[in-house]
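Just below is one structure, and these are the notes that go with it.
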Amino acid sequence: MQVKFTVIVGAVATLLAGSAMAQDLVIKIGHVGPTSGGIAHLGKDNENGARMAIDELNAKGVMIGGKKAKFELLAEDDAGDPKQGTAAAQKLVDSKVNGVIGHLNSGTTIPASKLYSDAGIPQISPSATNPKYTRNGYKTAFRVVADDVHLGGTLGKYAVTQVKGKSIAIIDDRTAYGQGVAEEFEKGVKAAGGKTVGRQFTTDKATDFTAILTAIKGAKPDVVFFGGMDAVAGPMLRQMKQLGIDAKFMGGDGICSGELPKLAAGTMGDGQVICAEAGGVDAKDPAAVKAMADFRAKFKAKFNADVQIYAPYVYDATMVMADAMVKAGSADPAKYLPVLAKTSGYKGVTGVIGFDGKGDIKNGALTLYTYKAGAKESLGVVR
6 MQVKFTVIVG AVATLLAGSA MAQDLVIKIG HVGPTSGGIA HLGKDNENGA
56 RMAIDELNAK GVMIGGKKAK FELLAEDDAG DPKQGTAAAQ KLVDSKVNGV
106 IGHLNSGTTI PASKLYSDAG IPQISPSATN PKYTRNGYKT AFRVVADDVH
156 LGGTLGKYAV TQVKGKSIAI IDDRTAYGQG VAEEFEKGVK AAGGKTVGRQ
206 FTTDKATDFT AILTAIKGAK PDVVFFGGMD AVAGPMLRQM KQLGIDAKFM
256 GGDGICSGEL PKLAAGTMGD GQVICAEAGG VDAKDPAAVK AMADFRAKFK
306 AKFNADVQIY APYVYDATMV MADAMVKAGS ADPAKYLPVL AKTSGYKGVT
356 GVIGFDGKGD IKNGALTLYT YKAGAKESLG VVR
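Sequential numbering from 6 applies to the sequence shown in the working numbering.
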């Protein structure tokens, strides 16, 4: 009898444990970024930001609608290519993810956003800055960084009023991001009464810039603006040095990475490069400064790598999405999407997050940086 009783008790315990596990709410969060190709270091930075958030959510034992949530990360590589980006998006849609964090580039984010919209899946981009992303009217599209209108325009004004640029040349890589930020930069220059002396174009895969830089050299610019990513900006800086172009080099968040000095192979002069990141922590807010410093330290300890650019924004985007699910009491996209859209006053690592009617972050900050002795140095936060 004792043996039978023990077996029955054991069976019941196993059944109850299985039932408890069955009650766990499995939530699939998709992440897409370029983890292969020239900017794979940025894509991996993003993916690690999502992974860090997912691990912390699971460690906390988050409850949603009375059930313990188990978050799973479905990570896809889009290589920064629009076609691969839509293929990755379709794969996540087919996997019935509950939400998507990404993509990194505007050129992949924008076409993918239609697929997520059609499927009713909320998408938060941590880094896509082209205004078109949130201007298509998709209720599922959000971002946690300021757009190119703000970023490019601010840099354009800064080039004229602070850098005192008299003759400003502009280059872009013809991607949605590069072209968009360059156009807004040019508008900002003109609005501030500045003068542009030429517009040149390249691609996001190019390595030889001799022809366009030679053309620019003839115009004797004191500022060169590049709309594109660090993988192209680094070699461009090397070739500017070789051609004797002694000009300030400016760009948006795409060039504002920890890798840029390495990619430029030691050719950057102190203070030569000025760039801006969408987002930023005001040095006058000690609590915010500490929160970002703590994040960077935890990130370094977890992944044995320094934050490149966007990891904190990916982390915040993931946490904001999870917060909306908790408040809605559901991970069903149709149920938590309206709550996500009303996000306001969320205190993240990157600052206070709230969305406007288009899905853009309210009162988005920008941080201006330069480089000295191969290290990024903040010039200040502007809004």
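Using N, Cα and C, we set each Cβ at its ideal position, and we do this for glycine too.
Remember, it's a predicted structure, so these values are computed and weren't measured experimentally.
Please report the residue range of the beta strand (DSSP E) in which A80 lies.
According to the DSSP assignment, A80 belongs to the beta strand (DSSP E) that extends over K72 to D82.
What does the alpha-carbon distance come out to for the pair F300 and T355?
In this structure, the CA atom of F300 is about 10 Å from the CA atom of T355.
Is the CB-CB distance between V194 and G223 below 8 Å?
At a Cβ-Cβ threshold of 8 Å, V194 and G223 do not count as neighbours.
By the three-class DSSP mapping on this structure, what secondary structure does I44 have?
In the structure shown, I44 falls within a coil segment according to DSSP collapsed to helix, strand and coil.
If we ignore side chains and look at the alpha-carbon of each, how far apart do G369 and L62 end up?
Note on geometry: alpha-carbon atoms of G369 and L62 lie some 26 Å from one another.
With distances taken between CB atoms, is the gap from A281 to T207 smaller than 8 Å?
No, they are not a contact pair.
Which residues bound the alpha helix (DSSP H) around Y182?
Y182: member of the alpha helix (DSSP H) spanning A181 to A196, first to last residue.
Buried or exposed (CB count within 10 angstroms, at least 16 for buried), T145
That one is buried.
In three-state DSSP terms, what is R301?
Here DSSP, grouped into helix, strand and coil, assigns R301 to helix.
Would you call the segment 298-316 and the segment 166-183 in contact, with 3 or more CB pairs under 8 Å?
Verdict: no, contact absent.
Rounded straight-line distance, which links the Cα of K267 to that of P136:
The straight-line gap from Cα to Cα measures roughly 30 Å.
Minimum C-alpha distance to D83 - residue among G38, A74, V105 and D251:
When only C-alpha atoms are compared, the closest one is G38.
To the nearest angstrom, how far is it from the Cα of I69 to the Cα of A336?
Between I69 and A336, the C-alpha separation is close to 7 Å.
Where Q205 sits in the DSSP three-state scheme:
In the structure shown, Q205 sits in a strand (DSSP, three-state: E or B).
Quick check on DSSP: helix, strand or coil for E5?
Within the shown structure, residues of the chain are numbered from 6 to 388, placing residue 5 beyond reach of any answer.
Going by alpha carbons, who is nearest to R402 out of Q313, I221, F214 and A117?
Coverage of the chain is limited to positions 6 through 388, which leaves residue 402 absent and any answer about it impossible.
Determine the contact status of V98 and I126, defining contact as a CB-CB distance below 8 Å.
Their beta carbons are under 8 Å apart, which means V98 touches I126 by this criterion.
Report yes or no: do the segment 34-54 and the segment 101-116 share at least 3 C-beta pairs separated by less than 8 Å?
At 8 Å Cβ cutoff, the stretches touch.
Just mark K253 as buried or exposed, buried being the case when its beta carbon has 16 or more other beta carbons within 10 Å.
Flag for K253 reads buried.
Which runs of the alpha helix (DSSP H) fall wholly inside the segment 310-384 and span at least 4 residues, in chain order?
As for any alpha helix (DSSP H) of minimum length 4 sitting wholly inside the segment 310-384, the runs are 316-333 and 338-346, ordered along the chain.
Buried versus exposed call for I279 [16 or more other C-beta atoms within 10 Å across all chains shown]:
Buried is the call here.
Helix, strand or coil for V165 per DSSP?
Helix at V165.
Cutting at 8 Å between CB atoms, please list the residues of its own chain near L248, excluding the five before and the five after it.
If we look at L248 and ignore the five residues flanking it on each side, its Cβ neighbours are T215, L218, T219 and K222.
Classify D177 as helix, strand or coil using the three-state DSSP reduction.
Strand.
Please report how far the alpha carbon of N51 lies from the alpha carbon of V228, in whole angstroms.
Taking the straight line joining both Cα atoms gives about 30 Å.
Pop quiz: T348 and A58 are said to be a contact at Cβ under 8 Å. What is the actual Cβ separation, rounded to whole angstroms?
With a Cβ gap of about 16 Å, T348 and A58 do not count as contacting.
Give the straight-line distance between the Cα atoms of Y376 and K363, rounded to the nearest whole angstrom.
Straight through space, the alpha carbons of K363 and Y376 are spaced by roughly 34 Å.
In terms of alpha-carbon separation, which member of E382, L342 and L373 lies closest to I129?
When C-alpha distances from I129 are compared across E382, L342 and L373, the shortest belongs to L342.
Can you list the alpha helix (DSSP H) stretches of 4 or more residues lying completely in the segment 123-172, in chain order?
Every alpha helix (DSSP H) of 4 residues or more that sits fully in the segment 123-172 is shown, in chain order, as 153-166.
Outcome for S383 when other beta-carbon atoms lying within 10 angstroms are tallied against a minimum of 16
Under this definition S383 is an exposed residue.
Given a cut-off of 8 Å, decide if A238 and I260 are closer than it, judged by their beta-carbon atoms.
Yes, Cβ-Cβ distance for I260 and A238 is below 8 Å.
For a test of the three-state rule: what should DSSP assign to M273, helix, strand or coil?
The DSSP-derived three-state label of M273 is coil.
Suppose you measure from the CA of A283 to the CA of T212; what does that come to, to the nearest Å?
Near 26 Å, if we compare the C-alpha coordinates of T212 and A283.
Among G90, D258, G271 and Y318, which residue has its Cα nearest to the Cα of P131?
The shortest CA-to-CA distance from P131 to any of G90, D258, G271 and Y318 is the one to Y318.
With distances taken between CB atoms, is the gap from D328 to T134 smaller than 8 Å?
For the 8 Å CB-CB criterion, D328 and T134 do not form a contact.
Rounded C-beta distance between F5 and A288? I'm assuming under 8 Å.
Nothing about residue 5 can be read from this structure; the chain reaches only from 6 to 388.
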